[in-house]
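A.B. asks:
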Amino acid sequence: MSPESKPVLLSWRRLNTVPGTFDWMIQLPDSLTLEALRAEIRGEILENEPFNDRTTYRIGGPARVLVCPRDLEDLQRLNHLIRRRGVPKFVLGGGANVLVSDAGFEGIVVHLKHFGRLEFQGSTVPAGAGLVLDSFVS
Numbered sequence: 002m003s004p005e006s007k008p009v010l011l012s013w014r015r016l017n018t019v020p021g022t023f024d025w026m027i028q029l030p031d032s033l034t035l036e037a038l039r040a041e042i043r044g045e046i047l048e049n050e051p052f053n054d055r056t057t058y059r060i061g062g063p064a065r066v067l068v069c070p071r072d073l074e075d076l077q078r079l080n081h082l083i084r085r086r087g088v089p090k091f092v093l094g095g096g097a098n099v100l101v102s103d104a105g106f107e108g109i110v111v112h113l114k115h116f117g118r119l120e121f122q123g124s125t126v127p128a129g130a131g132l133v134l135d136s137f138v139s
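Going from the sequence shown to the working numbering is simple: count from 1 and add 1.
#1: Which residue or residues does DSSP assign as beta-bridge partners of N51?
#2: In terms of alpha-carbon separation, which member of A40, T56, T57 and G62 lies closest to E50?
#3: Do you know whose CA, among I109, A64, V68 and V92, lies nearest R86's CA?
#4: At what residues does the alpha helix (DSSP H) containing E36 begin and finish?
#5: Which residue wins for smallest C-alpha separation from V92, given the options S124, I42, F116 and E74?
#6: Quick one: Cα of V111 to Cα of F121, how far?
#7: Leaving out the 5 sequence neighbours to the left and right, which residues in its chain are closer than 6 Å to L38 when beta-carbon positions are compared?
#8: Rounded to the nearest angstrom, how far is the Cβ of V68 from that of L33, given a contact under 8 Å?
#9: According to DSSP, simplified to helix, strand and coil, what is L119?
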C-alpha cells in the first residue's frame, strides 16, 4: 500500500493510561446550535449521523453534526461560521480511506457529497472532492 493510499484515522477521543488524566471530547460552543446553522446553510444538516454509511470501510460512530453544503456559496458560509466560532471540523469527501472511531466525532463533519463533479477535458480530468472513486473508475 503506497503512503498516499493509507487510511486516515479519525478519532477525537484521547485515550490515556497515565494516572490523573482522563478521556475528553471536544464540545461545540453553545452559541452554535442547529437552528443557527440552519439559518445560514441551505444544505442538509443532521445531528448524531453515523459515519458507517458514508465511508468505504463502513465503520464509525456518529458525527455530532454532519453538514452537506449544497454549493460553493454554502460551503463558504459554513467555513466562515466554523472558523469564527473555533469549532472542530473534519472534511469528508467520498469516504475512501477514512477510519472513524466508534466513539464518533464531536464536531462538525463537512460532507462534500454535492461536490462530486467529474469532467473530461482532453488529457485532464478535474474531479470534485466529493467524487466517489467507483464512479470515476467505471
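Note that CB positions come from ideal geometry on N, CA and C, so glycine has one too. Note that the coordinates shown come from a computational prediction; the quantities given were computed from them, not determined experimentally.
C.D. replies: In brief:
#1: Position check: residue 51 holds Pro in this sequence, whereas Asn was assumed. Answer by DSSP bridge pairing, in chain order: P63.
#2: G62
#3: I109
#4: L35 to E41
#5: F116
#6: 26 Å
#7: I46
#8: Not confirmed; about 11 Å, so no contact.
#9: strand
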